[in-house]
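Per full-length UniProt numbering: the sequence shown = residues 1 to 248.
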Amino acid sequence: MVDESGGQAGRGRVLLLLHGMGTTGDVWLPWAPLLEQRWAGRWLAPDLAGHGWAAPLQSYTFAGFADRIARGLAPGDRLVVLGHSLGGVVGLALAARAAGTPVDAVVGLGIKAVWSPDELTRAADLAARPISWFATRAEAARRYLRVSGLAGLVPPDDPVVDAGLRQVDGRWRLAMDPTAFAVGEPDLAALLAATDAPVVLARGEHDPMVTDEQLKEYGVPVATLPGLGHNAHVEDPAAVLALLDPYR
């Protein structure tokens, strides 16, 4: 399901906001007042496949995520993509020349550029685990916040959390399909070579998942956001939105 809103409809490019692994498109809803003021066109915040209300994929690839997003776009939309973590990689896949999607720019925030064998093994292990069930919403919410990396940033009773949970027969689970963890390591060099759109790779200064040095290896502009961490878009929406000023 696509969560769509907008400011001054019909003006400017369409801003496509793509969330990270484990979260949902609702993570962008607190941006709505800011976007009303600072983004002239429409904006979209869809759930990635296997997250929130979006149906799962039979198997997960970055191109598969991107193809599912592309199917939900309106003909003629010209996009500026802001993607966080997994969403940033999906944005690059969406912007590939071969995909044929009209993407004018991509800002990838907090993309993990280097994966160790142990990290890939842990991700595969998570993907192979059965769905966990919880007796209460509170327990499921705590798990959701840990999985999504939002613990300490979003309170468990926040409406944003609701989109990441499902209640079935009195029990609770995360909405996410855990198999999505098996998507693997992105080939950022190949993704960047496959697009003609301008790309900025951004990170919070205190993001433990990626360094400036790692991002600078790819030869595209790198933006470091002072004082922020991996979920910079949650910590300081205005600072992250400013990265899009050249593309409005």
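By construction, the Cβ of each residue, glycine as well, lies at the ideal position given by its N, Cα and C atoms.
Three-way DSSP call (helix, strand, coil) for residue i in this model
i: T121; result: helix
i: G50; result: coil
i: R11; result: Confidence at R11 is low in this model, with a pLDDT of 47, below 50, so its placement is unreliable and no value can be given for it.
i: R173; result: strand
i: L153; result: coil
i: V183; result: helix
Residue i versus residue j: straight-line alpha-carbon distance, rounded
i: V222; j: V240; result: 13 Å
i: G149; j: R203; result: 15 Å
i: L120; j: Y60; result: 14 Å
i: D207; j: P155; result: 21 Å
Of the residues the options, the one placed nearest residue i, counting alpha carbons only
i: L86; options: E185, P130, V14 and G76; result: E185
i: A182; options: P30, L244 and F62; result: F62
i: R71; options: H230, G100 and G88; result: G100
i: residue 249; options: A175, L16, W28 and L18; result: Residue coverage of the chain in this structure runs from 1 to 248, which leaves residue 249 outside it and unanswerable.
i: L73; options: A45, A190 and A180; result: A45
i: R83; options: P75, P178, P159 and F65; result: Looking at the sequence itself, residue 83 is Gly, so the reference to Arg does not match. Taking only the C-alpha atoms, the option nearest G83 is F65.
Identified DSSP bridge partners for residue i
i: L79; result: V14 and V103
i: L165; result: L174
Proximal residues to residue i (C-beta, below 8 Å), its chain only, five neighbours per side dropped
i: D157; result: A141
i: V114; result: V210 and Q214
i: A197; result: A95, V103, D104, A105 and V106
i: L188; result: V89, L92, I111, A113 and Y218
Cβ-based neighbour list, residue i, same chain, cut-off 6 Å, excluding 5 preceding and 5 following
i: V14; result: G41, R42, D77 and L79
Neighbourhood of residue i by C-beta, 7 Å cutoff - its chain only, sequence neighbours within 5 removed
i: L165; result: R137, A140, A141, Y144, W172, L174 and A175
i: T224; result: R203, E205 and D212
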